[in-house]
Structures are given as structure tokens and as C-alpha cells.
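Participant: Sequential numbering of the sequence shown, starting at 26, is according to our numbering.
Here it is, the structure in full.
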Amino acid sequence: MDVSVMKAFKSHITNAYLQYHLEHPFPATAREKRALMSRLVAQAWDAIPATVITNGFIKAGLIPTGPRDRSARFRIPDVSASDAPLVCDE
């Protein structure tokens, strides 16, 4: 997940940061710096295609990839209470 999404995100934000500073002076105050970074982060995140994020979740095993029912929901087998894993044994 980190590799697929963060690599693209870091690349976009680095390029946007460098491009901004080629065309504009450095922000004078901390408030201006925060505003600039917020804009750059938002722009970089918007530049990440949804397919990159989805594929990152799939590769990390965080999205089920099994069969689906008629409503496109994943079919999950029923698990009896005795077979269910313990979350907390306190």
C-alpha cells in the first residue's frame, strides 16, 4: 500500500513544490508556509488516480477479491460463533 500510493504522492508533491519555488518567492511567514503546503498536499492527492489507490489495497490484501453476489457484494461464508476468532480474551 505504502509503495504504490505514497511513491506517486511523494513524486507529485516534490514536483509541485519545486515548480512553485521556481515561479514564486519562498513564503515569508509560517502561516503562508502552512497554506502553501496544504495546497500542495491537496493537489498531489488529487493527482493520484483512483486505480493506483485501489490496486494498492488489493496488493496489500486489504480488499477481498473473491466471488460476488448479484448485487456486486463479496460473498462471505457464514462463520459459526465457535469458529470465529477471539478478538479479546479478557
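Glycine included, C-beta positions come from ideal geometry on N, C-alpha and C.
For SER72, which residues of its own chain have a beta-carbon under 6 Å away from its beta-carbon, when the five flanking residues on both sides are left out?
Facilitator: It should be pointed out that residue 72 corresponds to Ala in this sequence rather than to Ser. Closer than 6 Å at Cβ, skipping near neighbours: HIS37.
Participant: Under 7 Å Cβ to Cβ from ILE78, same chain only, skipping five residues before and after it: list those, please.
Facilitator: The answer, listed in chain order, is VAL30.
Participant: For the alpha helix (DSSP H) that VAL66 lies in, which residues bound it at each end?
Facilitator: Start and end: 55-71.
Participant: Would you decide whether ALA69 is buried or exposed? Buried here means 16 or more other CB atoms lie within 10 Å of its CB.
Facilitator: The residue is buried, with at least 16 neighbouring Cβ atoms inside 10 Å.
Participant: For LYS35, tell me which candidate among ARG95, ALA55, MET62 has the shortest Cα-Cα distance.
Facilitator: Nearest of ARG95, ALA55, MET62 to LYS35, Cα basis: MET62.
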